[in-house]
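Q: Protein sequence lines, in the order shown, are assigned to chains A and B.
Going by this note's numbering, the first sequence opens with residue 581, and the numbers climb by one from there.
Going by this note's numbering, the second sequence opens with residue 581, and the numbers climb by one from there.
I have a structure here, written as structure tokens, and I will follow up with some questions on it.
Number of protein chains: 2
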Amino acid sequence: MKPVKEIAKTISASGLKITPQRIAVIQALEKLEHPRAEEIIREVSEQIPGLSPTTVYNTLDALVSKKIIRKVHTEADVMRYDAIPDHHHHLYCMQSDRMDDYFDPELDKLLEDYFRKKNIKGFRLKEVKLQLMGEFENKDKTSVEKNA
Amino acid sequence: MKPVKEIAKTISASGLKITPQRIAVIQALEKLEHPRAEEIIREVSEQIPGLSPTTVYNTLDALVSKKIIRKVHTEADVMRYDAIPDHHHHLYCMQSDRMDDYFDPELDKLLEDYFRKKNIKGFRLKEVKLQLMGEFENKDKTSVEKNA
DNA sequence: TTCTAACTTGTATTTATTACAATGTAGAAA
DNA sequence: TTTCTACATTGTAATAAATACAAGTTAGAA
Ligand SMILES: [Mn+2]
Ligand SMILES: [Mn+2]
Ligand SMILES: [Zn+2]
Ligand SMILES: [Zn+2]
Numbered sequence: 581m582k583p584v585k586e587i588a589k590t591i592s593a594s595g596l597k598i599t600p601q602r603i604a605v606i607q608a609l610e611k612l613e614h615p616r617a618e619e620i621i622r623e624v625s626e627q628i629p630g631l632s633p634t635t636v637y638n639t640l641d642a643l644v645s646k647k648i649i650r651k652v653h654t655e656a657d658v659m660r661y662d663a664i665p666d667h668h669h670h671l672y673c674m675q676s677d678r679m680d681d682y683f684d685p686e687l688d689k690l691l692e693d694y695f696r697k698k699n700i701k702g703f704r705l706k707e708v709k710l711q712l713m714g715e716f717e718n719k720d721k722t723s724v725e726k727n728a
Numbered sequence: 581m582k583p584v585k586e587i588a589k590t591i592s593a594s595g596l597k598i599t600p601q602r603i604a605v606i607q608a609l610e611k612l613e614h615p616r617a618e619e620i621i622r623e624v625s626e627q628i629p630g631l632s633p634t635t636v637y638n639t640l641d642a643l644v645s646k647k648i649i650r651k652v653h654t655e656a657d658v659m660r661y662d663a664i665p666d667h668h669h670h671l672y673c674m675q676s677d678r679m680d681d682y683f684d685p686e687l688d689k690l691l692e693d694y695f696r697k698k699n700i701k702g703f704r705l706k707e708v709k710l711q712l713m714g715e716f717e718n719k720d721k722t723s724v725e726k727n728a
């Protein structure tokens, strides 16, 4: 897990003030993968008893706008957040709400070449994000952790 | 625009009953591109005055489960719906909520080959959906229509 | 034409998120 | 180190999207 100092530095560098709430939100985001706001609220409340849900929503918005974290698209009507702001893709489980990160520079290269040649008329392409839909063969992570 | 007869046939073939509400929802879905439920409610209400929002939500769920339409992922916290159930990708505007369809069989072939070779451990890949993030160079469609 | 499962409707609820005003604090400046 | 204030947090209230449910209506099979 990332040291508090580093997290504090990232927050500060973005122009935001360092607060216990913000540090805890980022830590929760790293621990719980692609969590919903509600899960973050639960997690952070353990360390910061008086925590207000509003603070978590505010914090998430602030961090997104500073590009420290990202929102992730989902099929459900709840927003989820991503601790990793750098370019990557996602594996989505079609049965559950499990979602894993997927990094693949080789694929990115392939796509970059493809779209450099191919020109989409009237559209200036900035980033290609893949939603890899499918099924995880093993148990989902939570069960795996339970069995461990 | 697709003729009512064809729409009725599709509904019927799926095992659902043909109703004016369902036909109108599908028509609205084709007219308004990737609309939210609320937009569909507004549109359909013009033809069917007493329409209940609940019916639209029910109808959308029913059509999605029969794979006549699809849900689409967005960065906002609202669900949007897609009249096209067949495989395709989307162009997303990073400034507005505009979203266009993107069909590209050549790219699909490329990706299919890539992922056939590359094996993602522990994941059975079913479908690759691209989110093409960027900016539309021309005015967005609504402005274009206004100016027309 | 009859009949019933399927559908629609309206109301009430839930759930995620946002608005806002009052209070508190991080950290720059004195 | 102390002061000061713009920025943060908090709690409450409000919105908005979506769902639950019960009562009435209708598509379409028989
Ligand atoms: Mn579409
Ligand atoms: Mn919502
Ligand atoms: Zn991720
Ligand atoms: Zn589409």
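Note that CB positions come from ideal geometry on N, CA and C, so glycine has one too.
#1: Give me the chain B residues within the contact set of residue 708 (chain A), using Cβ-Cβ distance strictly less than 8 angstroms, ordered along the chain.
#2: If we count the other Cβ atoms within 10 Å of its Cβ and call it buried at 16 or more, is residue 615 (chain B) buried or exposed?
#3: According to DSSP, what are the bridge partners of residue 531 (chain B)?
#4: Scan the region 636–666 of chain A and note each continuous beta strand (DSSP E) run of 3 residues or more that stays entirely inside, going in chain order.
#5: Name, please, each residue of chain A whose Cβ falls closer than 7 angstroms to the Cβ of residue 705 (chain B).
#6: Assess contact between the region 698–713 of chain A and the region 668–684 of chain B, defined as three or more Cβ pairs (one per stretch) separated by less than 8 angstroms. Is contact present?
#7: For residue 631 (chain A), which three-state DSSP category applies?
#8: Taking all protein chains shown into account, do 16 or more other C-beta atoms lie within 10 angstroms of the C-beta of residue 679 (chain A), making it buried, or fewer, making it exposed?
#9: Spatial neighbours of residue 648 (chain A) within its chain, please: CB distance less than 8 angstroms, with the 5 preceding and 5 following residues excluded, ordered by chain position.
#10: Can you pull the chain A neighbours of residue 586 (chain B), defined as C-beta to C-beta under 8 angstroms?
#11: So what's residue 725 (chain A) in DSSP terms, helix, strand or just coil?
#12: Indicate, with yes or no, if ligand 4 has a heavy atom lying under 7 angstroms from the CB of residue 664 (chain B).
#13: DSSP state of residue 741 (chain B), grouped into three classes?
#14: Hey, how far is the Cα of residue 638 (chain A) from the Cα of residue 634 (chain B)?
#15: If you measure beta-carbon to beta-carbon, which residues of the region 667–681 of chain B are closer than 7 angstroms to chain A?
A: In short, the structure shows the following:
#1: Sequence index remark: in the first sequence, residue 708 (chain A) carries index 128 (1-based). Listed along the chain, the chain B residues whose CB falls inside 8 angstroms of the CB of residue 708 (chain A) are 710, 711, 712, 713.
#2: As a first step, residue 615 (chain B) must be located in the second sequence, where it is residue number 35. Looking at its Cβ environment, which holds 16 or more other Cβ atoms inside 10 Å, residue 615 (chain B) is buried.
#3: Past the edges of chain B, shown from 581 to 728, lies residue 531 (chain B), and the structure says nothing about it.
#4: Qualifying beta strand (DSSP E) stretches, in chain order: 650–652, 660–662.
#5: Locating residue 705 (chain B) in the second sequence gives position 125, counting from the first residue. The answer, in chain order, is 712, 714.
#6: A contact between stretches requires three or more CB pairs, one per stretch, nearer than 8 angstroms, and the region 698–713 of chain A meets this requirement with the region 668–684 of chain B.
#7: Residue numbering aside, residue 631 (chain A) sits at position 51 when the first sequence is read from its first letter. Residue 631 (chain A): coil per DSSP, three-state reduction.
#8: As a first step, residue 679 (chain A) must be located in the first sequence, where it is residue number 99. By the Cβ neighbour-count rule, residue 679 (chain A) is buried, with 16 or more other Cβ atoms within 10 Å of its own.
#9: Counting from one through the first sequence, the residue named residue 648 (chain A) turns up at place 68. Cβ neighbours of residue 648 (chain A) within its own chain (closer than 8 angstroms, five residues either side excluded): 590, 591, 594, 606, 665.
#10: For this step, residue 586 (chain B) is matched to residue 6 along the second sequence. Within chain A, no residue comes near residue 586 (chain B); the closest Cβ sits about 27 angstroms away, beyond 8 angstroms.
#11: Looking up residue 725 (chain A) in the first sequence gives position 145. With a pLDDT of 37 at residue 725 (chain A), under the threshold of 50, the modelled position of that residue is not reliable, and the figure given next carries that caveat. Helix at residue 725 (chain A).
#12: Residue mapping note: residue 664 (chain B) aligns to position 84 of the second sequence, counting from 1. At least one heavy atom of ligand 4 is nearer than 7 angstroms to the Cβ of residue 664 (chain B), so yes.
#13: Only positions 581 to 728 of chain B appear in this structure, which leaves residue 741 (chain B) out of reach.
#14: Counting from one through the first sequence, the residue named residue 638 (chain A) turns up at place 58. Counting from one through the second sequence, the residue named residue 634 (chain B) turns up at place 54. In a straight line, the C-alpha of residue 638 (chain A) is about 32 angstroms away from that of residue 634 (chain B).
#15: Those would be 671, 674, in chain order.
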